[in-house]
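Comments concern the structure below.
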Amino acid sequence: MLTYAKYKSGYQKSSVPVDNELQLRTSATSRTSSQPPPRPLQPSVYLSYKSNMSLRRSVRLGSTPTLNSQIPVLQSTAPTKTSRVQHSAISKPRKTPKKPTPKPQTKSTSSYWSPEPAPTTTNPQTTRPQTPPLDRPVDPHRTNATLRTPHGTAVTAYPAHAEDASPSKTGLPRPIATTGTLLDQATAHLIATDPRLAPVIAQHPCPLFSPAGLTEEIDPFNSLTSSIIGQQVSGAAANSIRNKFLALFDLIVGEKGGDGGWHATFPTPEQVVKVDIPTLRTAGLSQRKAEYILGLAEKFVSGELGARMLARASDEELFEKLIAVRGLGKWSVEMFACFALKRIDVFSTGDLGVQRGCAAFVGRDVNKIKGKGGGKFKYMSETEMLELATKFAPYRSLFMWYMWRIENVNVAVLGG
């Protein structure tokens, strides 16, 4: 315990001013030698005095007092660079940064028979979807697609309101449908002929002969040339050869057609006939394919083939003209007539997928027949296929399309 003697000796040597309690006990005027000594302090009073002095010294020097471990350390409340001061009780929501709006992408409408989509110059964000025309006259035995000449002119088999004109004036049979009714008439005929097709038709709507499908514009020379390039090669190889073939000509991207619309570019027959076979072969074409393409271009230049003839010709005349072209076999012409020209009464007995579909449709196990051999018509004879398809005329193209569906054939490879 601290004694009075130790306190007195320390107090007399200290120069620190006393607190208020000591000042009340002693006055400045009474400190004389004749005056009695001051009243001694109790130890508890001394400890309180020392604590107060230590606290004052801490504040003066800017340090944190450590008088007692139970006294909490004061934290600075001044705002720092990393902290934000909230000046009101209402918290403001953070602004979500705006994400850049992605540019809309136009879906490609290219196919095997129409390799390039027509470029557009309109803004896709402001362009409203256009309803395909539903009143254009069509007929099962004529071309139902709109054909595009190499110079950009649109050609159809029937002019507007041809249903009111007599066949003697048009030179064509009277049309029995329009672009808006053709598919409905065809599906109704198929179901009426064989109701087993109803669930297949309901599950797989056919886009090929729909009003939207019939609006596709086809350049016959482009389509037939592309089909020759793609014979017996893979899709990637065909695209590579075709691009090299296009590079041989001075083409203008986005050139305007005769009706003022923008159309994909492709060399005209007049341009192709001016190129010799060795130059065509530099694009990767074989000798025969180069000869086939050159011969096809010559027929278009001479007028033996053309968009108007292909649109208005009967089925028999069409096949006779096209099969006479070197490089175009019967199957190629059948696929061109169905997928490009949109003729709806075409049936190919030489297509293996159609043959397998017909066999499965009549109840045959095509998996068992597959391993037995039997030549080209091992699944079903050509006579049987023709007899089966005859009752679906004049809509055999649609029946053939559903035979592919039954056999799960990828018709996109064929051009659909």
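Residue numbers for the sequence shown follow UniProt numbering, beginning at 1 and rising by one.
Here a beta-carbon is modelled for each residue, glycine too, at the ideal position from N, C-alpha and C.
- For the set G213, I277, S226 and S210, the Cα lying nearest the Cα of F266 is the one of S226.
- For T146, the uninterrupted beta strand (DSSP E) segment begins and ends at T146 to R148.
- Using a Cβ distance threshold of 8 Å, W401 and L190 do not count as a contacting pair.
- Contact check for F245 against Q271 fails: the beta carbons are separated by 8 Å or more.
- Of R281, R356 and E334, the smallest CA-CA separation from E384 is found for R356.
- The criterion of a C-beta distance shorter than 8 Å is satisfied by L214 and T179.
- Looking at the backbone, the Cα of E317 and that of K370 are separated by about 36 Å.
- When DSSP reads this structure, E217 sits in a beta bridge with T146.
- Counting along the chain, no alpha helix (DSSP H) covers D365, and no H or E run does either.
- It is roughly 22 Å from the alpha-carbon of L251 to the alpha-carbon of A237.
- In the pairwise beta carbon analysis, the segment 339-355 is classified as touching the segment 379-393: at least three pairs are separated by under 8 Å.
- Pairing K321 with R396, the inter-Cα distance amounts to about 21 Å.
- A177 carries a strand assignment under DSSP once its states are collapsed to helix, strand and coil.
- Here V333 carries a helix assignment [DSSP, helix/strand/coil].
- Across the set I218, F221, A283 and P278, the C-alpha of A283 shows the shortest separation from the C-alpha of A247.
- Three or more Cβ pairs closer than 8 Å define a contact, and the segment 138-154 meets that threshold against the segment 333-345.
- Each of A360, A154, A177 and H161 was checked against the Cα of D219, and the nearest Cα belongs to A154.
- Here P137 is bridged, per DSSP, to T178.
- Under the three-state reduction of DSSP output, V155 falls in the strand class.
- Taking a contact as a CB-CB distance under 8 Å, the pair V362 and L388 counts as one, their CB atoms being some 7 Å apart.
- Taking each of A188, G306 and S332 in turn and checking the Cα distance to G350, the smallest one comes out for S332.
- Taking 8 Å as the cut-off, the beta carbon of T156 is found no closer than this to the beta carbon of R174.
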